[in-house]
Amino acid sequence: DDNCRVWINTCERMDVFVHELGHNLGMSHASSDYNDMGNIVTYGDPTAFMGNKWFSAKNQLTFNAVHKDTTKWIAPNQLYNITDQHSGLYQVSPINVMPQNAKFPLFVCIWKHPDTGDAYYFSYMTLNSNYSMKTLVHRLPPTPGSPSVYITSLSIGETYVDPYRRFSATFYTIDSDSMTISVNFGCVPGPTILELYSYVPKLNSPISEFNQFPEITWSNTSQISQTIGEEV
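Read in order, the letters of the sequence shown correspond to residues -9 to 222 in the numbering used here.
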């Protein structure tokens, strides 16, 4: 059975072992398409072991959100699976922590894009890497066995808008053990009120645990202001 063996001819490189074992677990390669320009680079994901060639002591890797989802590494209540175009703020733990040690879900998944069928993933990591503490944007094409696709990484305050302008995602806040990602559906960009959600372990339902929450006003200039309002 090919799924029970791995052939390694570069024995001094730990990342090669991890990459090949990832295939045994059912992971495809981790490619890139920087800023959705259509230039797919196999092995191009600079954040993932399944991209492989980027590993060094100064740029540590993990398995990306796509692979942790498609291999069922993450339980359903350990991710935000957005299927109903529900705008909001979603709080996530680093993708590189063990699931049982995570305080919040490990990533946001928007499933699936109405124009392409792609799934989009938003996560972050805290490893020794140039891509640490940034919002990592990946997508998964609908064809079975397709490589994951790294698109970009966001610094705080930066926004990703999908090519068809169906949604946007903004790196909103970060602290010592979590990141908050703002997801907005509809006409992008445009004025929208976003609710602030806190995590409770219920699939697809990032419901607020507070009696009051900030209302977040989305503006065309990507500036965000806060007012306090009663929860409804």
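Just so you know, even glycine gets a beta-carbon here, dropped at the ideal spot from N, CA and C.
Taking 8 Å as the upper bound for CB-CB distance, ASP108 and PRO134 are not in contact here, some 13 Å apart. About 6 Å separates the beta carbon of TYR80 from that of VAL173, a gap short enough to meet the 8 Å contact definition. A check of alpha carbon separations from SER113 across ASP74, THR142, LEU126 identifies LEU126 as the nearest. The Cβ atoms of PHE97 and LEU69 lie closer than 9 Å to each other.
If you ignore the 5 residues before and after THR170, its C-beta comes within less than 6 Å of the C-beta of LEU79, GLN81, TYR162, THR163, all in its own chain and listed in chain order. Of the other Cβ atoms in all chains shown, fewer than 16 fall within 10 Å of the Cβ of ARG155; this residue is therefore exposed. Setting aside the 5 residues that flank it on each side, SER168 is surrounded in the same chain by GLN81, VAL82, SER83, LYS93, PHE94, each with a C-beta closer than 7 Å to its C-beta; the list follows chain order. Taken through DSSP and simplified to helix, strand or coil, PHE161 comes out as strand. If you ignore the 5 residues before and after LEU11, its C-beta comes within less than 7 Å of the C-beta of VAL(-4), all in its own chain and listed in chain order.
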